[in-house]
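Visitor: According to our numbering, the sequence shown is numbered sequentially starting from 497. Just so you know, even glycine gets a beta-carbon here, dropped at the ideal spot from N, CA and C. Next up is a structure, given as structure tokens.
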Amino acid sequence: MTAVKCYYEVLDVSRDASDDELKKNYRKLALRWHPDKNLDNPEEAKAQFQLIQQAFEVLNDPQERAWYDQHREAILKGGLGGDYEDDSFDVFPYFTSSCYKGFGDDDKGFYAVYREVFNKIAAEEIDIYREEESDSEFEIPGFGTSTSDYEEVVHAFYGFWQSFSTKKSYAWMDEYDTRQAENRRVVRAMEKENKKARDKARKARNEQIRALVAFVRKRDKRLELHKQKLAEKAKENALKVEQNRKKQLAERKKLLEDANNSAHLNMDNMEGVLKEIEQNLTAEFGRDEESDEDEDEPSGMFCVACNKSFKTDKAFANHENSKKHKENVAFIKATMIQEEEELQCEDIESNEVKESDETVDDDEDHTEVGYELLKEDIEEEEIVEEGIISNLGGLMRYNI
């Protein structure tokens, strides 16, 4: 099969070249390879001149250029339809442990064999990746060796290849040539069927590569070694955590002991201070008692209702405004009034008995006598109550 040259390479321009760039390079190359300018080598000049014309005719037409860009990969690999044979690297022979011997870096070793496998797969994809990334130095992560660093090589490799997605267009899987369509409706139907065929082929390739990666990863000793290191590191971290915990407990225990010792010292000091205060108070009260005996004068006020004594009038005045004092006074007042009412009832009963023994001639005299007696009882009761209240105020306060 004769190799097909890319039209962009024929005209020596990039794939995103403008129309002006295409025309400029076409004219320059056409002059260089025109047969009249190459009489000493007419056959090669004729072939090159025809190829340049073909490339310019396709890329200068917007529709032809779009179609060419879409099918460029298939065209370069031999054409469309039945003329093309997929030469993608076959990965199925490597789904078995018999394809390698041991886990060394020798030619038949695990790491040498699969390093070569993934290098070949990457070689089929790298040019397309670089075009899409617009980075001519882009590299697909390699498999590495048995001693490769995990973070720099192993982790990067599996991070890329476990989610591998081919960049191939699979345009050679198209079933229809849209250039032969009769109208736009037929073109859309052809494109739809072609897309189904491409997506199916792309999905199958992705599944093949990812399955191979899973097969290799399961047997990669570098991952087992990394797991062991992680387990050891986790164990070390747990030991450090436990040591830190014990250290913190010891520090807290020491702080607690220091606090207790400090508290004991403070209590000792407090006991001394209290003793000193007690001595001062004893001495002061002793002097007060002596002065009271000498002067023979009352030393304060006493509340009968609350059974409390006070040294000053101000203290007693504050006490009189308290809720407890007022409640006690009200209780005593109510008790005394109740007792007086009981006494009054007894007097009334005795008077009624006395009146029943006397003879009253007419109703008018009887009424007047009863009214006078009742009036006297009411007045006497009011006088008694006023006396109780007046005497109660005096009882609440007196000098002691």
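Using a 10 Å radius around the Cβ and a threshold of 16 neighbouring Cβ atoms, would you call Q559 buried or exposed?
Guide: Q559 comes out exposed.
Visitor: Between the Cα of A801 and the Cα atoms of K810, L555 and E816, which residue gives the shortest distance?
Guide: When only C-alpha atoms are compared, the closest one is E816.
Visitor: Within the same chain, show all residues whose beta-carbon is closer than 7 Å to that of V712, passing over the 5 residues directly before and after it, in chain order.
Guide: The residues are Y610.
Visitor: Helix, strand or coil: which one does DSSP assign to S758?
Guide: DSSP places S758 in helix when its eight states are reduced to three.
Visitor: Across which residues does DSSP place S665 in a beta bridge pair?
Guide: In DSSP, S665 forms no bridge with anything.
Visitor: Under 6 Å Cβ to Cβ from A513, same chain only, skipping five residues before and after it: list those, please.
Guide: Excluding residues within five positions, none has a Cβ falling inside 6 Å.
Visitor: Is it the case that the Cβ atoms of F606 and D716 are separated by a distance below 9 Å?
Guide: Yes; because the gap between Cβ atoms is below 9 Å, this pair is in contact.
Visitor: Can you look up Q840 in the DSSP assignment and give me helix, strand or coil?
Guide: Helix.
Visitor: Three Cβ pairs or more, each shorter than 8 Å: is that satisfied between the segment 658 to 666 and the segment 609 to 623?
Guide: As far as the Cβ criterion goes, the segment 658 to 666 touches the segment 609 to 623, which means the pair count is three or higher.
Visitor: Kindly list the residues whose CB is nearer than 6 Å to the CB of E517, restricted to its own chain and excluding five residues on each side of it in sequence; keep chain order.
Guide: V509, listed in sequence order.
Visitor: Using 8 Å as the threshold, is the segment 640 to 650 in touch with the segment 592 to 603, meaning 3 or more CB pairs across them?
Guide: Short answer: they touch.
Visitor: Between the segment 560 to 569 and the segment 664 to 679, are three or more C-beta pairs nearer than 8 Å?
Guide: Counting Cβ pairs under 8 Å, three or more are found: they touch.
Visitor: Three-state secondary structure (DSSP) at Y564?
Guide: Reduced to three states, the DSSP call for Y564 is helix.
Visitor: Is L870 helix, strand or coil by DSSP?
Guide: Residue placement at L870 is flagged as unreliable, the pLDDT there being 48, under the threshold of 50; the coordinate-derived value follows with that caveat. Reduced to three states, the DSSP call for L870 is helix.
Visitor: Taking Y646 and H722 to be in contact with their CB atoms under 8 Å, please state how far apart those CB atoms are, rounded to whole angstroms.
Guide: Indeed they touch by this definition, with Cβ atoms about 5 Å apart.
Visitor: Exposed or buried, which one is L708 when buried takes at least 16 other CB atoms within 10 Å?
Guide: It is buried - the Cβ of L708 has at least 16 other Cβ atoms within 10 Å.
Visitor: Return the chain-ordered ranges of every alpha helix (DSSP H) run that is complete within the segment 630 to 676 and spans a minimum of 4 residues.
Guide: DSSP runs (the alpha helix (DSSP H)) wholly in the segment 630 to 676: 651 to 657.
Visitor: Would you tell me roughly how many angstroms separate the C-alpha atoms of A652 and S659, rounded to the nearest one?
Guide: So the two alpha carbons sit approximately 12 Å from each other.
Visitor: Counting along the chain, where does the alpha helix (DSSP H) carrying V683 start and finish?
Guide: First-last of the alpha helix (DSSP H) with V683: R680 to R715.
Visitor: Relative to the C-alpha of Y522, which residue among Y504, P538 and L535 is closest?
Guide: Here the closest residue by C-alpha is Y504.
Visitor: Output needed for I617: all residues of its chain with C-beta closer than 6 Å, excluding positions within five of it in sequence on either side, in chain order.
Guide: F585.
Visitor: Tell me whether Q544 is buried or exposed, calling it buried when 16 or more other Cβ atoms sit within 10 Å of its Cβ.
Guide: Q544 comes out buried.
Visitor: Determine the contact status of L555 and V500, defining contact as a CB-CB distance below 9 Å.
Guide: Contact flag unset, no.
Visitor: Between Q744, V650, L535 and I548, which has its C-alpha nearest R718's C-alpha?
Guide: Closest by alpha carbon: V650.
Visitor: Between which two residues does the alpha helix (DSSP H) holding V554 run?
Guide: Counting along the chain, the alpha helix (DSSP H) containing V554 begins and ends at P538 to N556.
Visitor: With a cut-off of 8 Å on the beta carbons, I'd call I705 and V613 a contact; round off their distance for me.
Guide: Contact flag wrong, Cβ pair sits at about 10 Å.
Visitor: Within this structure, are the beta carbons of L507 and L525 separated by less than 9 Å?
Guide: In this structure, L525 lies closer than 9 Å to L507 by Cβ.
Visitor: Compute the beta-carbon to beta-carbon distance between M669 and R701, rounded to the nearest angstrom, for a pair I have assumed lies under 8 Å.
Guide: About 11 Å; that fails the 8 Å criterion.
Visitor: Using the Cβ count rule (16 or more neighbours within 10 Å means buried), how would you classify F591?
Guide: Exposed, by the Cβ-count rule.
Visitor: Using DSSP with H/G/I as helix, E/B as strand and the rest coil, what is S594?
Guide: Helix, per DSSP.
Visitor: Along the chain, where does the alpha helix (DSSP H) containing A513 start, and where does it finish?
Guide: No alpha helix (DSSP H) holds A513; DSSP gives it neither H nor E.
Visitor: Which stretch, first to last residue, makes up the alpha helix (DSSP H) that contains V500?
Guide: Element bounds for V500: n/a, residue is neither H nor E.
Visitor: According to the neighbour-count rule (16 or more other Cβ atoms, all chains shown, within 10 Å of its Cβ), is F812 buried or exposed?
Guide: Flag for F812 reads buried.
Visitor: Using beta-carbon positions only, say whether E627 and R511 come within less than 9 Å of one another.
Guide: The answer is yes: Cβ separation under 9 Å.
Visitor: Mind checking whether R897 and W563 have CB atoms under 9 Å apart?
Guide: What the structure shows of the chain is the stretch from 497 to 896, and residue 897 is not part of that stretch, so it cannot be assessed.
Visitor: Say yes only if the C-beta of L735 is nearer than 8 Å to one or more non-hydrogen atoms of the ligand MN, and no if none qualify.
Guide: With respect to the ligand MN, the structure shown offers nothing to examine, as it has no ligands at all.
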